[in-house]
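Here's the structure, in structure tokens; my notes come after.
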Amino acid sequence: MGTMTDKQLKTLELVDELGDGGAKFLELRRETNEKQPRSFTQAEALKYLECSQKVLTDLTKALGIDPKRYAEVGIQYYLTLEELYLIRDNMPNTTVLKKRHKPFQRTAKQKTQIIAVQNQKGGVSKTSLANAIATGLSINYHVGYKICLIDMDGQSTLTSFYPPVHKHETKHIERNGAKYISDARTSIGDLMALDPNTDTFQDEVRNAVSDTLIPNLKIIPASQSDRDSESLSASNQLAGQNVDPTTRLKNILDALDGEFDIILIDTPPSLGFATLNSYFAATSVLIPCKAEHNDTDATCAYFQYLDSIIGNFIAKGHQGYDFAKIVISNWKGSDSELDIFNALVSQFGDAVLSTKMKHSEAVKRCASEHSSVFEFSRSMDSKKGKALEAAQANCKEVVADIHKLITDVWKQQDKGEEQ
């Protein structure tokens, strides 16, 4: 290329300034909004564990947990979610919680449920739904489900909810003389570029699974560089690899066989390489959609194209989905929304989940702090108050419906029945 024009130089300067500004903005967000584990007051802990104050007091002493360790700074009682898990695991079998909830162990016939959350239409709460299900099943069901999130969207929104927990998962980068902390974890895009036929593949996949502040919830994160995955199948990275491009995610999840009970895949709002891999790897599909004409029109048009895609997958050996459900999101309860919902039910029947994800400012406020509604207790932020409790109640209903779908599949698998 010859000498650049002033316009070209100014454009490069502009994007360089935008890059610097973006790095500084994210660094400030990280410093001022460092994610905290969910914490509980004594009353909240007693409610969560369904036990007496004596049981709670005896176990905190026996386990060496001091819930009053921050009393000097005004926090009279403080237990983290991880500490509550430890207390729960050591509670007597005679307690209400232990009688009602037995530790979950999948049988040999029960397969890992791999749920893709997808719609080509953007802005329909795919990430919010995937995250609510994952955190809801992890925290609210006292059976110890082992759950993993897969962020297939290069925008990395879901990943931002689960920043590195360990120091070795971060690195320092330098940009124009300034240093910033960056995520050093292996991304799903990194794994997608690997050859699954190598001896080290399974170890590389399992080492990429990252901890979160919820003990039984893990994540394989995305990174901004994963946006290049759309061209991955045609790149030199795959040269010589005898692998179907649409089975790359399935190969990754096969390498995790036996590690998780439920895997949730957050997908990009497009039908490209990442989404096709998600559909092929999934055993079930959830399709969030707002009850608005623009959204339902786009989604129904998408269904017509999706028909041929899934048909091709079936021809290539996909075993079919255990369930596929439309989930209404951002529900405000207006007359027009009700008309659209009824029309969808009339057309699609029980493929439409009866419970809707309601519009909630509390959900938005939690998301701004990189958390789902289940990662907050009311005591952590009094401003959220009743709005938080209402959002939690609604999300619990949605998660309960999804949980029933999952357990119904497992029951049928135990009986040797096909869907």
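Quick note on full-length UniProt numbering: the sequence shown kicks off at 1 and runs consecutively.
Even for Gly, the Cβ is constructed at its ideal location relative to N, Cα and C.
Residues near residue i by beta carbon distance below 7 angstroms, same chain, minus five either side
i	result
V124	P288, C289, K290, D295 and S329
A43	none
L194	F201 and E204
E397	T355
G2	none
Q110	W410, Q413 and D414
Contact test: residue i Cβ vs the ligand GTP heavy atom, cutoff 7 angstroms
i	result
G64	As far as ligands go, the structure on display features none, and thus does not contain the ligand GTP.
Own chain residues within Cβ distance below 6 angstroms of residue i, not counting five before or after
i	result
V285	A116, Y321 and A324
L149	A134, I219 and L264
L79	F40, A45 and P67
L405	F323
I139	F374
Endpoints, alpha helix (DSSP H) assigned at residue i
i	result
K386	G385 to K415
L84	L81 to D89
S363	Reading off the sequence shown, one finds Val at residue 363, where the question assumed Ser. Segment E361 to S368, the alpha helix (DSSP H) holding V363.
I214	Counting along the chain, I214 falls outside any alpha helix (DSSP H), and DSSP gives it neither H nor E.
Rounded straight-line distance, which links the Cα of residue j to that of residue i
i	j	result
A62	Q76	20 angstroms
Q304	S270	15 angstroms
L12	G21	14 angstroms
D408	Y141	16 angstroms
N236	P245	Only weak support exists for where N236 lies, its pLDDT of 44 falling under 50; the coordinates are left without a value.
P164	D151	14 angstroms
L26	H172	13 angstroms
I188	S223	8 angstroms
G416	R106	14 angstroms
S160	N33	11 angstroms
A255	L9	47 angstroms
S308	P196	27 angstroms
L56	N394	29 angstroms
G144	Q412	21 angstroms
M4	T186	37 angstroms
Q155	P221	11 angstroms
Chain-order list of residues whose beta-carbon lies under 8 angstroms from that of residue i (same chain, five-residue window excluded)
i	result
L84	F40, A45, Y48 and L49
F348	I326
E361	A387
Limits of the unbroken beta strand (DSSP E) element including residue i
i	result
K218	L217 to I220
S372	Neither: S372 is in no beta strand (DSSP E) and is coded neither H nor E.
Closest by C-alpha distance to residue i, when choosing among the options
i	options	result
R206	L253, S377, V398 and K98	L253
C51	Q412, D339 and N93	N93
A367	L9, K35, M4 and A108	K35
E82	P215, L18 and A391	P215
G136	D414, W410, K411 and I402	I402
F313	H101, A282, T60 and D58	A282
N119	K109, L388, Y279 and I147	Y279
A130	A23, V399 and W410	V399
Using 8 angstroms as the threshold, is the stretch 336-344 in touch with the stretch 359-377, meaning 3 or more CB pairs across them? no
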